[in-house]
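S.K.:
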Amino acid sequence: MATMITADCINCGACEPECPNNAISQGDPVYVIAPQLCTECVGFHDYEACAAVCPVDVCVTDPNNIETEDVLVARARALHPELTIGDNFQSRFRKGVVAAAPAAAAQPAAAAPVAAVKPVAAPVIAKAPPPVPSAKPSPVSLKKEPRPKKNFPNELPLSFDAAMKQFQSGGSTQPGWFRAAVILAQPLIGALPHGIKKRLELAVQSPLFTAAGSTAVNIVHNAVLYPLIAAGIGVAWHGDPGFIFDKGLNTFLLVGLLVAVLEGGLRLKDGLFKVKPAEEMHFPPAAYGAPLALVADSFLSNHVGLVREMPVPVEGFYSKGFVDKRERERRYGNIYTVEDFGAAFLMRMEFPRWLPEIGIKNREQLSDEMPDYDYDLSLQDSQLIVKGKITDEKVRKISSSVGAFPPEFTSVIQFRERISGFVHQFNDKILEVLLVKA
């Protein structure tokens, strides 16, 4: 076996049903691949199915157990005697040499009439290479048809642009006292977890308050607070208020300052060690930020409303370098944001843009761009239900045979306030829905 699952597996189970040999099973603590059953999908696909569907890239080559194509196909034939796996079997080892395989496989079949084969085979092989570059068909471009306007129950009788002008505040959804209180309380608010600070940033919408700025102010604040706390501990330890004037107090002040500096470095690690810009950094809470978050989160739930950010970035998975994984999440209806405009919510959802590269036969004959999905919208119990589905029959047929490519999806978006109606528009594979609060 040359494929293994690392300890970083998240136990999502996506790989298990994709294996043609039933080699993958739930282990302790993560999924495992049985080496005596794994064929790296040789004989079935020109790619490894488990690696293709894995959302966190933990199906990798085992450097201590490398096997050749001959060994793998022999195992596949032994495991599946009911199947006929010929000499022209699919294999990732043969990528880039597919055109040569049929000619090589054809020679044993015509071996009987040796005299006739040699004169015919030589010209065919000699003439085959020149036309190969020009023989590749060019991708078929999608014909853009005007998309008819769809109407759904509870949709308001006005245009999307008119509704946006009516309901978009263009600024903060909170009163002036709230913005002033948040800006003045930055030394304390900066200690909160990153998610809460980002929600406040979206609610306040002022250059005077950002998640990065409030964190920096809090780190400076802690450089004063922690030494004072350490000094108080020193006075309590000695049981003498006069210790505050003793030189020994300097040791406690220094320890407090060192704790503040170390904590600040850890909270700024994305910028210090990963060289990320401030808008992409994740700022962990201060030591006292977690308990403070219990009160802040309850307050925000009642006063700031629901704000849903794009799921970027989660370590390794959603970072900007993994475009294919972001596209995979689009196919599940997971890439969307929700903004609070005060009197309305705006939901923006990205629909799939590209056909997947893996596991599709005659991929070069298809367009790279994904055809537009059809969609349905409905309101139910303060929920917006979005259903998307592929209508192109050719692509829909492909989706049933390729991992992590469902032919349709359903996303249920819960709101904390009752919705009276909505308007929507769909342009450039982006669905926008403005939901008016009751």
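Residue 127 in numbering that gives the first Met the number 0 is what sits at position 128 of the sequence shown, and the numbering runs on without skipping anything.
From the three backbone atoms N, C-alpha and C, an ideal C-beta is built for every residue, glycine too.
#1: Please report the distance separating the alpha-carbon of I195 from that of P283.
#2: What do you get for E328, buried or exposed, if any count of 16 or more other CB atoms within 10 angstroms of its CB means buried?
#3: By a C-beta neighbour count over all protein chains shown, 10 Å radius and 16 as the cutoff for buried, is T5 buried or exposed?
#4: Leaving out the 5 sequence neighbours to the left and right, which residues in its chain are closer than 7 Å to P240 when beta-carbon positions are compared?
#5: N426 by DSSP, collapsed to three states: which one?
#6: Around the C-beta of S398, are 16 or more other C-beta atoms found within 10 angstroms, so that it is buried, or is it exposed?
#7: To which residues of the same chain is V96 closer than 6 Å at the C-beta, ignoring the five residues directly before and after it?
#8: Quick check on this structure: which residue in A222, A230, D245 and M280 has the alpha carbon closest to the alpha carbon of V258?
#9: Using a 10 Å radius around the Cβ and a threshold of 16 neighbouring Cβ atoms, would you call I334 buried or exposed?
#10: Can you grab the Cα-Cα spacing for the pair D427 / R352, in whole Å?
#11: What are the residues that DSSP puts in a beta bridge with I384?
#12: Roughly how far, in whole angstroms, is the beta-carbon of L36 from the beta-carbon of N20, given that I think they are within contact range, below 8 Å?
#13: If distances are taken between C-alpha atoms only, which option among D373, V422 and V254 comes closest to R409?
#14: At the 9 Å Cβ level, is G247 part of the contact set with chain D, yes or no?
#15: Measuring from the CB of L376, is there a heavy atom of the ligand SAH at a distance below 8 Å?
#16: Using the three-state DSSP reduction, which class does S24 fall into: helix, strand or coil?
#17: In chain order, what residues of the same chain have a beta carbon less than 7 Å from the beta carbon of A1, not counting five sequence neighbours either side?
#18: Let me confirm a value: E356 is counted as buried when at least 16 other C-beta atoms fall within 10 Å, else exposed. Which label applies?
#19: If you run the structure through DSSP and keep just helix, strand and coil, what is V250?
#20: Less than 8 Å between C-beta atoms, sequence neighbours within five positions excluded: which residues of the same chain meet that for S24?
#21: Looking at the structure shown, is E15 part of a helix, part of a strand, or coil, going by DSSP?
#22: Let me make sure I understand the geometry here. Which of I182, L291 and A437 has the alpha-carbon closest to that of R415?
#23: Buried or exposed for F425, going by 16 or more other Cβ atoms inside 10 Å?
#24: What does the Cβ neighbour count give for E278, buried or exposed, with the cut at 16 atoms within 10 Å?
#25: Which residue from V394, S381 and S158 puts its Cα closest to that of D371?
#26: Alpha carbon to alpha carbon, how far is N150 from G189?
#27: By how many angstroms is the C-alpha of V254 removed from the C-alpha of K324?
#28: Just mark P128 as buried or exposed, buried being the case when its beta carbon has 16 or more other beta carbons within 10 Å.
#29: Where does the unbroken alpha helix (DSSP H) through T38 begin, and where does it stop?
#30: Are there 16 or more other CB atoms within 10 angstroms of the CB of T250, so buried, or fewer, so exposed?
#31: What three-state label does DSSP hand R352 in the structure shown?
#32: Given a cut-off of 9 Å, decide if I418 and S377 are closer than it, judged by their beta-carbon atoms.
#33: Tell me whether I243 is buried or exposed, calling it buried when 16 or more other Cβ atoms sit within 10 Å of its Cβ.
#34: Which class does K324 belong to by DSSP, given the choice of helix, strand or coil?
#35: Quick check: the Cα distance between K164 and T214, rounded to an integer number of angstroms?
#36: For L191, does the count of other Cβ atoms within 10 angstroms reach 16, so buried, or fall short, so exposed?
M.R.: So, from the data block:
#1: 11 Å
#2: buried
#3: By the Cβ-count criterion, T5 is exposed, with fewer than 16 other Cβ atoms from all chains shown falling within 10 Å of its own Cβ.
#4: V234
#5: Note: N426 maps to strand in three-state DSSP.
#6: buried
#7: Because the pLDDT at V96 is just 45, under 50, the model does not fix this residue reliably, and the value given afterwards should be weighed accordingly. Nothing listed; no residue qualifies.
#8: A222
#9: buried
#10: Straight through space, the alpha carbons of R352 and D427 are spaced by roughly 9 Å.
#11: S377 and V411
#12: 5 Å
#13: The displayed chain sequence assigns Thr, not Arg, to residue 409. Considering only alpha carbons, the answer is D373.
#14: Among the protein chains of the structure shown there is no chain D, as only one such chain exists.
#15: Inclusion of the ligand SAH in the displayed structure is not the case, the ligand content being empty and no account of it being possible.
#16: S24: strand per DSSP, three-state reduction.
#17: If we look at A1 and ignore the five residues flanking it on each side, its Cβ neighbours are E39, T60, D61, N64, I65 and E66.
#18: exposed
#19: Just to set this straight, residue 250 is Thr in the shown sequence, not Val. Correct three-state label for T250: helix.
#20: In the same chain as S24, and ignoring 5 residues on each side of it, the C-beta atoms closer than 8 Å to its own belong to E15, Y30, V31 and A33, in chain order.
#21: In the three-state scheme derived from DSSP, where H, G and I count as helix and E and B as strand, E15 is classed as helix.
#22: A437
#23: Burial call: buried.
#24: exposed
#25: V394
#26: 45 Å
#27: Rounded to the nearest whole angstrom, the C-alpha separation of K324 and V254 is 45 Å.
#28: Low confidence applies here, because P128 scores a pLDDT of 45, under 50, leaving its location unreliable; read the following figure in that light. Exposed, because fewer than 16 other Cβ atoms sit within 10 Å of the Cβ of P128.
#29: Taken as a continuous stretch (DSSP letters only), T38 belongs to no alpha helix (DSSP H), as it is neither H nor E.
#30: exposed
#31: In the three-state reduction of the DSSP assignment, R352 falls in the coil class, being assigned neither a helical nor a strand state.
#32: no
#33: I243 counts as exposed, since fewer than 16 other beta carbons sit within 10 angstroms of its beta carbon.
#34: Helix, per DSSP.
#35: The alpha-carbon atoms of K164 and T214 are separated by roughly 34 Å.
#36: buried
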